[in-house]
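Step one of this worksheet: look at the structure below.
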Amino acid sequence: MFYCGNVKIKRHIKIKSEYNPFLPEWELYGEKLSQNRLYDEQSHRQQWQALYKNQDGKCALCRLPITKETGWHDHHIVYKMFGGNDTLSNRCLVHPNCHTKIHALNLKVVKPGVVDKMVVDFKKTTPSGQSGC
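Residue numbers (UniProt numbering): 1 to 133.
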């Protein structure tokens with residue numbers, strides 16, 4: 001049994017009337033709505049934790065540490081409107097400012113953990129004293 005006093009009251013947040021999830025200019029707004037809605041779900045927090053661990057706690061764009069103070073956004077590498085999905089392989093964590101830059105400047109993002117592991121593997125396979133290029 002649980003006490004009613006322990007249940008959090010969640011208010012419905014209205015969305016903007018002109019919001020259209022299929023238009024690129026509304027993508028950031030849609031991602032923010034989705035992230036705020038999913039923040040309270042345990043399963044989604046576990047996914048963010050897995051993304052954070054896979055990226056070594058770094059932003060996918062600027063490679064600086066992601067903290068509670070800096071905040072984060074869950075970015076889809078292949079946008080959902082272009083057929084991207086919600087799997088962890090298609091998502092990465094970025095700072096809110098970096099996320100704005102990604103969409104404003106149409107930048108491509110690579111997950112930090114993937115790039116760092118490729119560099120380490122590359123250094124292991126090249127003979128010492130030789131450049132990789």
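Where is the CB? At the ideal position from N, CA and C, for every residue including glycine.
Item: For Arg-91, report the span of its beta strand (DSSP E) as first-last.; Value: 91-94
Item: Mark His-12 as exposed unless 16 or more other C-beta atoms lie within 10 angstroms of its C-beta, in which case mark it buried.; Value: exposed
Item: Taking 9 Å as the cut-off, decide whether the C-beta atoms of Asp-74 and Gln-35 are in contact.; Value: yes
Item: Give me, in chain order, the residues of the same chain whose beta-carbon lies closer than 7 Å to that of Pro-96; leave out the 5 immediate sequence neighbours on both sides.; Value: Gly-71 and His-73
Item: Taking C-beta to C-beta, are Ala-60 and Leu-93 nearer than 9 Å?; Value: yes
Item: Classify Phe-2 as helix, strand or coil using the three-state DSSP reduction.; Value: coil
Item: When the distance is taken between beta carbons, is Glu-31 closer than 9 Å to His-76?; Value: yes
Item: Put Lys-53 into one of helix, strand or coil per three-state DSSP.; Value: helix
Item: From what residue to what residue does the alpha helix (DSSP H) around Glu-31 run?; Value: 27-38
Item: Between the C-alpha atoms of Gly-84 and Asn-90, what's the straight-line distance to the nearest angstrom?; Value: 7 Å
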